[in-house]
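Visitor: I have a structure here, written as structure tokens, and I will follow up with some questions on it.
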Amino acid sequence: MGRMPISAFRVKNQGQTEDSQCRRRVRFRAARWSVLLAGMSAGAQGSTMIQPLHFFVEDALIQAIPLAQWNDRLLRMVARADQLLCYEMNRAEKARGCDLRIGEGVKVTPFDRSLEDGLRRTWSEGKTAPGALNQDGLNFLFDQTDPSERRIFVVRRLLSCDGNRVEALACTRFFEPATVLAFDGQLFPIDNAVTLLHELGHQVGLKDVPDPHSLMYRGRPVPRAGTKMNAAEAAAFRKLLTLSW
Ligand SMILES: [Zn+2]
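Printed below as a string of structure tokens:
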């Protein structure tokens with residue numbers, strides 16, 4: 464099967480460029496949305512759940528921040544992403560209510576031994592360090608999938624995506640149920656909710672677009688200005704309901 468790794472929100476100079484500005488903007492916007500959405504989601508009926516999201520947190524991150532805190536922050540991030548998905552799908556489809564939810568059944572666990580051992584084998588000649596993935600490490604994680612869930616691997620740094628040696632915040636292969644997120648020891652639940660949704664968009668086959676107002680904007684060269692999706696993208700997100708299409 465042809466695999467097409469893609470990247471999202473590539474950053475330069477370890478995240479200190481345009482993406483940092485992007486984070487602040489998105490935080491403000493998402494905060495307003497959460498107020499708007501508070502009443503809407505409460506009345507949703509007949510919602511449909513996707514396969515659960517399962518976050519695996521790498522050892523190097525848990526040594527810096529206890530797993531319980533990662534659990535709290537990741538769940539908050541998913542809750543924000545859930546609200547944002549509802550808002551944007553309703554806007555795209557001119558609908559009301561939220562019939563596709565991603566916030567239920569979320570699991571957060573440490574990397575297990577097989578993941579840690581597998582990653583360790585990808586560290587070569589001091590080129591990478593614990594928590595920092597090269598392309599080999601990335602490809603290894605992409606192959607660790609399970610048909611019962613969508614997997615989000617949380618690591619400290621991602622040094623490559625799509626074979627390009629650029630530092631990235633996230634990477635996903637098209638149409639595959641695995642994403643790697645790099646938080647470098649920090650996690651901002653609201654901002655990273657946008658990253659999570661963008662990557663889930665790649666899991667259902669959506670590609671990056673040049674419009675800064677779009678959810679599928681890749682985050683450069685200008686700061687992100689919105690998270691809109693069109694009707695076709697909203698329809699694609701419904702593929703989250705199944706792992707086989
Ligand atoms: Zn992308």
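Under my numbering, the first residue of the sequence shown carries the number 464, and numbering increases by one thereafter.
Backbone N, C-alpha and C define an ideal beta-carbon position, used for all residues, glycine too.
Bear in mind the structure is a predicted one, so any value in this text is a computation, not a measurement.
Ordered along the chain, which non-local residues of its own chain (more than five positions away) have a Cβ less than 7 Å from that of N693?
Guide: Correct list, in chain order: A555.
Visitor: Can you tell me which of the three DSSP states V685 falls into?
Guide: In this structure, V685 counts as coil in the three-state DSSP scheme.
Visitor: Give the straight-line distance between the Cα atoms of K570 and F616, rounded to the nearest whole angstrom.
Guide: Distance between the alpha carbons of K570 and F616: 12 Å.
Visitor: Using the beta-carbon count (16 or more within 10 Å), is N655 buried or exposed?
Guide: N655 is buried by the Cβ-count criterion.
Visitor: Just list the beta strand (DSSP E) runs in the segment 591 to 632, keeping only unbroken ones of 3 residues or longer that don't cross its boundaries, in chain order.
Guide: With a minimum length of 3 residues, the continuous beta strand (DSSP E) runs that stay inside the segment 591 to 632 are 613 to 618.
Visitor: Where does the unbroken alpha helix (DSSP H) through F700 begin, and where does it stop?
Guide: Start and end: 694 to 700.
Visitor: Can you list, in chain order, the residues of its chain with a C-beta nearer than 6 Å to that of N534? Leave out the 5 residues immediately preceding and following it.
Guide: Counting only Cβ-Cβ distances below 6 Å, and skipping sequence neighbours, we find V571.
Visitor: Measuring only from the beta carbon, is G671 closer than 7 Å to any heavy atom that is part of ligand 1?
Guide: The displayed chain sequence assigns Asp, not Gly, to residue 671. D671: yes, Cβ under 7 Å from ligand 1.
Visitor: According to DSSP, is L704 part of a helix, a strand, or is it coil?
Guide: The answer is helix: DSSP assigns L704 an H, G or I state.
Visitor: Opposite P573 in the DSSP bridges: which residues?
Guide: Paired residue(s): V520.
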